[in-house]
Structure formats: structure tokens, C-alpha cells
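K.L.:
In our numbering, the protein residues as written are 29 to 768.
(1) Examine the Cβ distances between the stretch 228-238 and the stretch 354-373 and report whether three or more of them are shorter than 8 Å.
(2) By a C-beta neighbour count over all protein chains shown, 10 Å radius and 16 as the cutoff for buried, is residue 48 buried or exposed?
(3) Assign residue 522 to one of three DSSP states: helix, strand, or coil.
(4) Grouping DSSP H, G and I as helix and E and B as strand, with all else coil, what is residue 334?
(5) For residue 281, collect the residues of the same chain with a Cβ closer than 7 Å to its Cβ; drop the 5 residues on either side in sequence, then sort them by chain order.
(6) Please name the residue or residues paired with residue 584 in a DSSP beta bridge.
(7) Consult DSSP for residue 645 and reduce its assignment to one of helix, strand or coil.
(8) Buried or exposed for residue 266, please, with buried defined as at least 16 other CB atoms from any protein chain shown within 10 angstroms of its CB.
(9) Residue 521 to residue 509, Cα distance in whole Å?
(10) Classify residue 349 as helix, strand or coil using the three-state DSSP reduction.
(11) Determine the extent of the alpha helix (DSSP H) in which residue 659 is found, giving its start and end residues.
(12) Excluding the five sequence neighbours on either side, which residues of its own chain have a C-beta within less than 6 Å of the C-beta of residue 622, listed in chain order?
(13) Got a sec? Which residues, its chain only, sit under 7 Å from residue 700 by beta carbon, not counting five neighbours each side?
(14) State yes or no: is the C-beta of residue 731 within less than 7 Å of the C-beta of residue 614?
(15) Exposed or buried, which one is residue 650 when buried takes at least 16 other CB atoms within 10 Å?
(16) Between residue 305 and residue 324, is the Cβ-Cβ spacing less than 7 Å?
(17) Using CA atoms only, rank isn't needed, just tell me which of 571, 548, 392 is closest to residue 601.
(18) Please classify residue 707 as buried or exposed, where buried requires at least 16 other C-beta atoms within 10 Å of its C-beta.
(19) Residues in its own chain within less than 7 Å of residue 766 by CB, not counting five upstream and five downstream?
(20) Could you tell me the alpha carbon to alpha carbon distance between residue 661 and residue 374, rounded to whole angstroms?
(21) Going by beta carbon distance, what residues of the same chain come within less than 7 Å of residue 333, once the five residues before and after it are set aside?
(22) In three-state terms, what does DSSP make of residue 750?
(23) In the stretch 221-275, which residue ranges form an unbroken beta strand (DSSP E) of at least 3 residues, counting only runs that do not cross its ends?
(24) Report the three-state DSSP secondary structure of residue 157 (helix, strand or coil).
(25) Taking the CB atoms as reference points, tell me whether residue 398 and residue 422 lie closer together than 7 Å.
(26) For residue 356, collect the residues of the same chain with a Cβ closer than 8 Å to its Cβ; drop the 5 residues on either side in sequence, then sort them by chain order.
(27) Go to residue 739, then tell me how far its alpha helix (DSSP H) extends in each direction, as first and last residue.
(28) Using only the alpha-carbon positions, how far apart do residue 173 and residue 372 sit?
(29) Report yes if the CB atom of residue 772 is closer than 7 Å to the CB atom of residue 687, and no otherwise.
(30) State the start and end residues of the unbroken alpha helix (DSSP H) segment that holds residue 298.
(31) Measuring only the C-alpha atoms, how far is residue 347 from residue 198?
(32) With distances taken Cα to Cα, identify the nearest neighbour of residue 534 among 506, 264, 556.
(33) If you measure between the beta carbons of residue 111 and residue 104, is that distance less than 7 Å?
(34) From which residue to which residue does the beta strand (DSSP E) around residue 625 run?
(35) Find the nearest neighbour of residue 338 within the set 331, 353, 326, 329, judged by alpha-carbon distance.
(36) In whole angstroms, what separates the C-alpha of residue 498 from that of residue 428?
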């Protein structure tokens, strides 16, 4: 065991500014008092001269597992370093500071997950740290670099390729690289179980497009469905039965060779519910498609969007690719000449790069995790593990999945191009309202939900007492933050250019449970959102969810900035609304007598009340008692049948907000008496320090000293604290993007 002095984390390539880390760590400590032990441990770790030597081992791509793991004689694999640390006793005793495993530069190829268990735990104040060597890039790679591309010469393949593509498409013989397992495409999307992704091609650090028609960014439309297939969609429309298939327009598929692996992706009935489905039959004469079970979602509606994919004949533009498993060949039209600096990666690992089960006090710091078909990191059970200052990109499923345990976190990471969610946190106990304490903070999210387009957010919170703070989220097809449960904190995040491909969606979203209480959405900056069809919302309290505090946020160029969809007891205080349409909207869908809405409040919402201990919840959230007038008291008698009149959206308070532009809409069974609107400032020139530009910044909306809004009583908001902040894991802030 070596006793070298640890190098400072400030030498990592992401932390090059000559700034002392201690003030930054103390600033982080002041924000999150519960993390005292972790921060003190980090202060000891970065101290120039540790009081005593710490156990440390070194891993290098040129090392040997017969080596002792010193700096001069490193081991080759992460597993050997883990086992050496176990045998040193550092994970079971009381070392003077963190135990460190240094990962040398280059690619640490992973054909299986790095498994960490309780035997690999640190101690409170003395974590086990897995970290990249200072000034280098260490990458855990779940895929293979591809080489040996050459022009296509097979006459049959050339015949199938579009004429314009034949001179550009290159082929790679995967058997020659000893790659024989590719994974299978599976149905995935809204309401589907999470499935390990098929292999994907990444080039120059970006995901490439599986050959499709129409090309990326475009859709074709469902032309209809068989005459005998139509039925009511419960909202006054007509959709076709899933098992009967749907009709398409045009003759494009006549050019395609019949395939047993042709797929379609669509928003089959609603703009918030997508799925990928395998085609089992395509009749070019009748223009009818049937898909394999589970067929699709809800039904097939005429005019809804879809596209075809996995078609060699449609490999017709740079960045597209196709893999023929029978030939074991990959065909690719590269964005530039192959052989130049950008690498081509094929994701192969069918599990996470790192899996922690029962481990505690482990830090993964400053590494790149890339090109797995599964999740990037999985953490279950244990306590106080941290993923910090890492890059997680080109992941098939979720970047970081945390389920159960206490106080795990993701801090200062960059996450981009995940197939499903960015970070998913699940913790705490809704039966006892015990908080889980998991958090995601100061992370930059881009392009999550590449495959599972809907309800695969950048951040997913499930349970009790979780936190999402100081994150930047951009370029997402659906919602940025999705939460279920109680007592969550969502604060100081910047969210923009989300809901780019979907409708009836919120940048921050939850819904359909009266007991989701105690949640606080504070001091966020939400701007420049998208939305198709029914459009999008900034904060969407959907389907009668209730009891959320929404305060101190800034909304700019957002449709329906705060939408209270039939719920009650919300607090909308001291927000800024500029150019929204409208700022606040309230409806009373819980009173609608049509079957779909009556069943929601009479069955789904009633069942949600019964799933939690009534006494505890009524003590913690006294406003729940007001539902007795609608459902009957917990001990009965219950109001059912004709005695049940629905649930009105009462108890909402909208106070002290500042609005420029369209203000308030109340409708669909709601009345002005359902909402207390008080002391709101509706003004055309509130006195912002500057007009919001493109891109807008939160600090644009600070008030001048002589601002009319300030004189009218509107408070100063902590706008400079919104979004990414410099700290121990993020020494430089990224430049602002302006996604289309």
C-alpha cells in the first residue's frame, strides 16, 4: 500500500481555476447543513498536507493486476483496486481520512458493472473516493471504438441504399472486431417497463440517428384506421383499436425490402404518450400497418404523428446509420471524413457502469461514464454516496438511478444524451413521511429522453424529502422535473427549451393525488418553453394534485406559467410573470360529470387517500381535512354514488405576484370564489434592471432601486443564486446555449 500525498482536486481538468476550494466547500456547507460530515471529509482530502497518510491505490490502463497498486506499479482493473482496498482493512477500520482509488487517464473498458457493496464502504467523515487522476480524463467505457470502416462494395447493399448515399456510406465489419452481441430493440416509451437499450452508434461524442423516414425532426401522419375499428376515446373523439393497426399515406414503403425488424415510433393518440413498436405486417396495397403486442398506446388517432425507423433504404443523410445483424455489419454515413479526430463508439454493455448495493460513504469524482446500453450508475440501499464532478453521456437508459437508502447525491455533474431520465431519485417512506434525503444539485442536463420521449425527465423525484437545486436543464422533448410524493424541494433551477416535442406537459410536473403535500417549488427561472397541440405549462399541477407552494419563481415566455388543474390549497406567492399566456390558470375538472373525470376523483383520487395513514397525514397537512365535505370522514360514512358531487378546487391562494402581460384565467367549472387573489401587481413597466434578452437571464428581472414594482411592495428575489454555481465540483460555468 502506497502512502503518497494526495493531489488536489483543483488540478482536475474541470477545476483549473486557481481558486481555493475551501471557501467554496464552506459555501456548499452553508447551503446544506445536513452534509457536515461529507464536507469536513472533503476539506481533509484537499488539504495540502494531510495529518496522517491515507490508504490509496492506483489504476492504469497499462497496469497489471499482479502489481501492488502503487503509483509506480498500478493495477489494471477497478476490481483489483477494490479488492486491494478491502484487504487493507480501510473500509472496516477508522482511517485518518478518505481512502482514495486513483483512476489513470484513458479508457477503462467495462464489460460488466463495477460492483460495490457494504464491504466497500467508507465511514462518516472518511469516505472511499474513486477519482480521476488530476489533469487527466479517465473514462469508464461500456462500448467499443470502431475502426476499419471502408466503402460499401456489396451490390445488394448498394442497390438498397439511396443513390445519393452510395458514395458516402461506409461499412464496418463487426465480426472482425469480435463484436457479436448487439442487443434487441424493444417496445419502450410511455407506460412501458424500462428495457435495456439496443446498441447505439455515437460519433464525435454525439448520438447518431438510426436510419428513418421521415428524417430527424419530421413526422408523417396516421391516415386513419380500418372502418370497423373505431371507438370512443372517452373525450369525445374517435380512435382505432390497437390490435387492428392503422393506415398510412403514400407509397414510400414500396421501396423497402421486407423486414422483420422494421419499427415505428409515434404519438398514437395523445401528444403526451409515445411508444416504439415493431411492425409485424405492412401491406403496401391497402397501406395498412399492424404492430406487435403491446401494439401502441390508447388507440390510433387520425392525424397523429409517427415515423418509421431501422430501414437501410432510408440511410440518406449524414449522421444516419443501420446495423444488419445477419451480416454483422454496421453502415454509416459519417458527418465528416472517417479517420479524422472524432471517434466512433458502439454501446455494448447491457448493465450499469457502476452498481452500488448497500455501500455507504463512497464518492465517485471527476470521471467520464459513457456508452452503456443500461444505466450509468445504480445506487441502492446504503447511505451518503455521492456522484460528483462527473460527465455522464451517451447512456442507453438513465444517467444515475438511486433507489432507497439515505442521503445519496449527485453534484456538479454534466449529463447529456441519456435515452431515458438524467437522474432518478427514489427514497423516503410515504407511510411514515420519513425523508429520504437524496439530492441532485448544480448539474447541467441536456437532451434527456432521447428514446423514451415522455415522462423521462432530466430529474425524477419519488418518495419523501428529496431535493433538486441549482440545476440547468435544457433541450428536452417533455418535462424537465417530474415529482411524486411529499416534502420535496425544487429550488434555484433554470429550465428552458423543454416540452419541445410534446403537448399537455409541464416543465415541472406532478398530478393526480390529493396527498402529495408539502412540496415547495421556489426561486426557479423557467423560460422559453415549447409545446405542441395542447401546449405546455411552466409549473403544471395536473389532475387535482394539491397543496404545493409555488413562490419566488420567474416565468418568461411560458404558456400557462402556473396551471392549477383542478387542485386545491396551492400557494402561489411572489412570483414574476413576464409575457406568459396566461400567468395563472385554474380549472375545476374535479367537478366535471363526464365519466373520465368523475372516475378520476371518485376512484383514483379516493384510492390515493386510502393508501396513506389518515391520522398522520391530517396532522402534518391539516388542509386535507377539508376533503371530508366531499368524500366523507375517514371513519365513514363515505359519500358515494349520487351523494358524491365531485371535488371543487377550493383553498387556492394567489398573492403578491408581479405580472407583465396576460394575468389570470378561471374556467371549466371553477369560479373566482375558488381562489383568493390578493395584492398582485399587474404592471406594464415594473422597473427591471434591463429588458430580457435572447437568451434571457434570471438577473434581467432584478428590480432597480427606483422600480415601481419595488415601491408597490414586491420583494427582491435572490436571482443571482439561480442556476449553476461555482463550487468544489464545478469551477467554471458553461456558456449559455440557445436551443432552437
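Each residue gets a CB set at the ideal place from its N, CA and C atoms; glycine is no exception.
P.N.:
If we stick to the structure as given:
(1) yes
(2) Low local confidence applies: a pLDDT of 30 at residue 48 is under 50, so the model's placement there is unreliable, with the coordinate-based value given in what follows. With fewer than 16 Cβ atoms within 10 Å of its Cβ, residue 48 is classed as exposed.
(3) strand
(4) strand
(5) 310, 312
(6) 555, 606
(7) helix
(8) exposed
(9) 10 Å
(10) strand
(11) 656-659
(12) none
(13) 694
(14) no
(15) exposed
(16) yes
(17) 548
(18) exposed
(19) Its pLDDT being 36, under 50, residue 766 is placed unreliably in this model, and the value from its coordinates should be taken loosely. 722, 723, listed in sequence order.
(20) 59 Å
(21) 247, 249, 294, 295
(22) coil
(23) 229-231, 258-260, 266-268
(24) strand
(25) yes
(26) 201, 202, 203, 207, 208
(27) 736-739
(28) 6 Å
(29) The requested residue 772 does not occur in the structure, where the chain is confined to residues 29 to 768.
(30) Element bounds for residue 298: n/a, residue is neither H nor E.
(31) 12 Å
(32) 506
(33) no
(34) Note, residue 625: premise wrong, no beta strand (DSSP E); alpha helix (DSSP H) at 623-627.
(35) 353
(36) 17 Å
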